[in-house]
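Q:
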Amino acid sequence: MENGCETELGTLTDCADCGDACADGNGSASCNAGSCEITCDVGYDDCDSDSTNGCETALGTLTDCGACAAACGGENASAECVDLGCVLTCNDGFGNCDADASTGCEAALGTLLHCGSCDQACGEINGTAECLLGDCVLTCNPGFDDCDNDPSTGCETAIDTIDNCGECGKACSQLNATPVCADNQCEITCDPDYLDCDQDVDTGCEGDLGANPNCGECGILCAGLCNDGVCEVCDDALPIESLDPLDAARAIGLCADVVSAEWVLPDGSPPPVDSNYALGHGLLDGFGPNLSVRHGHRMLVLSSGTARRPDDPGYQTPNGFDKGYTCNHPLGFPKESPSCPGVVTGEAHDAVALKVTLQVPPNVHGFSYHFDFYTYEWPGFICSAFNDFFVSLLVPFPSGQSDGNIAFDAQGNPVSVNNSFLEVCACPDGPPCTAGGRSFSCVQGGSQLIETGFGIDTEEENHAATGWLINKAPVEPDSTVTLTFAIYDSGDGVLDSTVLIDNFHWLTDPSSVVTEPDPDP
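In case it helps, my numbering puts the sequence shown at residues 10 to 530.
#1: Just to confirm the assignment, what range does the beta strand (DSSP E) spanning Arg-447 have?
#2: Would you report the Cα separation of Glu-432 and Tyr-203, rounded to the nearest angstrom?
#3: Tell me where the beta strand (DSSP E) around Leu-255 begins and ends.
#4: Can you tell me which of the three DSSP states Ala-394 falls into?
#5: Near Thr-384, which residues of its chain fall below 7 Å by C-beta distance, leaving aside the five closest residues on each side in sequence?
#6: Going by C-alpha distance, which of Asn-236, Ser-44, Asn-35 is nearest Leu-18?
#7: Would you kindly check if the distance between the Cβ of Cys-24 and the Cβ of Cys-14 is under 7 Å?
#8: What would DSSP say about Ala-138, mapped onto helix, strand or coil?
#9: What residue from Phe-513, Ser-284, Thr-524, Pro-530 has the CA that sits closest to Gly-228's CA?
#10: Below 8 Å, how does it come out for the region 351-369 and the region 283-295: are there three or more Cβ pairs, yes or no?
#11: Which one of Ile-459, Gly-178, Cys-140, Glu-215 has the shortest CA to CA distance from Ser-161?
#12: Given Thr-212, which residues of its chain have a CB within under 8 Å of its CB, disregarding the five upstream and five downstream residues?
#13: Quick one: give me the first and last residue of the beta strand (DSSP E) that Ala-38 is part of.
#14: Buried or exposed: Gly-464, going by 16 or more other Cβ atoms within 10 Å of its Cβ?
#15: With a 10 Å radius around its C-beta and 16 neighbouring C-beta atoms as the bar for buried, classify Ala-42 as buried or exposed.
#16: From Asn-158 to Leu-122, what distance separates their C-alpha atoms?
#17: Which first and last residues belong to the alpha helix (DSSP H) in which Ser-284 is found?
#18: For Ser-456, which three-state DSSP category applies?
#19: Under three-state DSSP, which class holds Val-146?
#20: In angstroms, rounded to a whole number, what distance separates the CA positions of Asp-144 and Phe-103?
#21: What's the gap between the Cα of Cys-56 and the Cα of Thr-20?
#22: Only counting the same chain, and skipping five residues up and downstream in sequence, which positions put a Cβ closer than 7 Å to that of Asn-62?
#23: Which residue marks the beginning of the beta strand (DSSP E) containing Leu-97, and which one marks its end?
#24: Between the alpha carbons of Pro-280 and Leu-274, how many angstroms are there, rounded?
#25: Consult DSSP for Val-210 and reduce its assignment to one of helix, strand or coil.
#26: To the nearest angstrom, report how far apart Ser-284 and Leu-458 are at their CA atoms.
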């Protein structure tokens, strides 16, 4: 060997041995410690691990897309290798749900596992499911619904609970109440001293019966304060013979909202200067042993005779006490009774009236009070000229009325001797009892006539009363109204009539003109 070991190893042409060349196609090569190493250009790789041919493989093909042997394509799809990444275009109804380009669009998108998209499953919890046109259609079992709007969880929510009663999100109110969900409807049991006054279970038992405007029962707003469910009492110890008309207002429960009060005649004119007039009004704590006040300690009594009981000072029998003065009928009166054809009412005698002007509270739509009408004209003068009247006159007039009277009998006629509510009565052969050719059922008997001057205990026969009636009428909120209670004889000044008035309160619900028997007489 004449030139010895002339070749230096470790070069690109003789890396590990003579002739062991390192190729640099599509890259840059180096020989490092007897081994060829190559750094491929972007888009190429040495996929056959043969250093003699460099980076022989282009990485932008469907067989080698971005990496050696990274196939791009598969079933149900068309493919492109773009920027060294596999881009699949799935055929309609298919998706690449395993995120593996080599398997193509392997998943059908019309199944419960993949409905319309790879990540949309249709659950069948508490129901059945279908995938229709790429949408999950759930049919829930009775008592369940899809409340989270996630079809993959199926009908996950029971809708027979107080949080979801009958439908998603319909919660039963627990305001002052214990709720249950029964037959897909909320039902509530109110806590003590509360009621569902608005008849809406969704608001629970919103009516606090210990305070206005639901004092003791729904819709009762006291004309004064409500103390633990009872309207304020302002008529304690009022004298029977009080001449103060404000005391008369207090006796019927008007502890507030009174602008003014005055004694008048039924047409609003001043009363006569006559001591007998004052005997026509009184503030009593009862009327006989069997009839009590409806509220507080006193009630207002008005009479065409004396507003007294037989044992009270100043009492005169209603049989024949003529106070000796006459007056005009109120506007719109007299009104003849259709049940007494051809009968004409006589001139007004011995009248007494209380007129109060009231400021209606802002949230009030009506008012209510009790009255009880007694007449000595029954049974002898039914359908006669001696047709005594009790009237309750409201100004402004109620809508649709030509006068202000709001007190009527069951047939819509004014309260008079001929009214159909005369049910406190008795006769030897009844009930029923006949008077003036008319039949009276007398269902309440005669016990409320005892010790009043109108019963057989003080006279030779029983006379009659209506029993407690409830009178209601509408008003405009935040308005000023006048209310006149009046009673008078007709035709003469004897055989008197008397009315008891008590328990005035405001109504927060819209009201209409109505007179009806008290269900708890």
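Where a beta carbon is used, it is the ideal one built from N, C-alpha and C, also for glycine.
A: In terms of the structure at hand:
#1: Its beta strand (DSSP E) spans residues 447-449.
#2: In this structure, the alpha-carbon of Glu-432 lies about 35 Å from that of Tyr-203.
#3: Per DSSP, Leu-255 lies in no beta strand (DSSP E); the unbroken alpha helix (DSSP H) holding it starts and ends at 254-260.
#4: Here DSSP, grouped into helix, strand and coil, assigns Ala-394 to coil.
#5: For Thr-384, where only same-chain residues beyond five positions count, the Cβ hits under 7 Å are Asp-397, Val-426, His-472, Ala-473, Ser-506.
#6: Checking every option, the nearest Cα to that of Leu-18 belongs to Ser-44.
#7: Their beta carbons are not under 7 Å apart, which means Cys-14 does not touch Cys-24 by this criterion.
#8: DSSP places Ala-138 in strand when its eight states are reduced to three.
#9: Ranking the options by Cα distance to Gly-228, first place goes to Phe-513.
#10: With contact defined as three or more Cβ pairs closer than 8 Å, the region 351-369 and the region 283-295 are in contact.
#11: It is Cys-140 whose Cα lies nearest to the Cα of Ser-161.
#12: Cβ neighbours of Thr-212 beyond the five flanking positions: Ser-182, Leu-184, Asp-205.
#13: Segment 36-41, the beta strand (DSSP E) holding Ala-38.
#14: For Gly-464, the number of other beta carbons within 10 angstroms of its own is at least 16, and it is reported as buried.
#15: Counting Cβ neighbours within 10 Å, Ala-42 comes out exposed, since fewer than 16 surround it.
#16: Straight through space, the alpha carbons of Leu-122 and Asn-158 are spaced by roughly 17 Å.
#17: Run containing Ser-284: 284-288, per the alpha helix (DSSP H) assignment.
#18: Here Ser-456 carries a helix assignment [DSSP, helix/strand/coil].
#19: Val-146 falls in the strand class under three-state DSSP.
#20: Their backbone Cα atoms lie some 14 Å apart in a straight line.
#21: Roughly 23 Å separates the two Cα atoms.
#22: So the list reads Ala-32, Gly-34, once near-sequence residues are dropped.
#23: Where Leu-97 is concerned, the enclosing beta strand (DSSP E) stretches over 94-99.
#24: Taking the straight line from one Cα to the other gives about 5 Å.
#25: Under the three-state reduction of DSSP output, Val-210 falls in the helix class.
#26: Approximately 27 Å between the Cα atoms of the pair.
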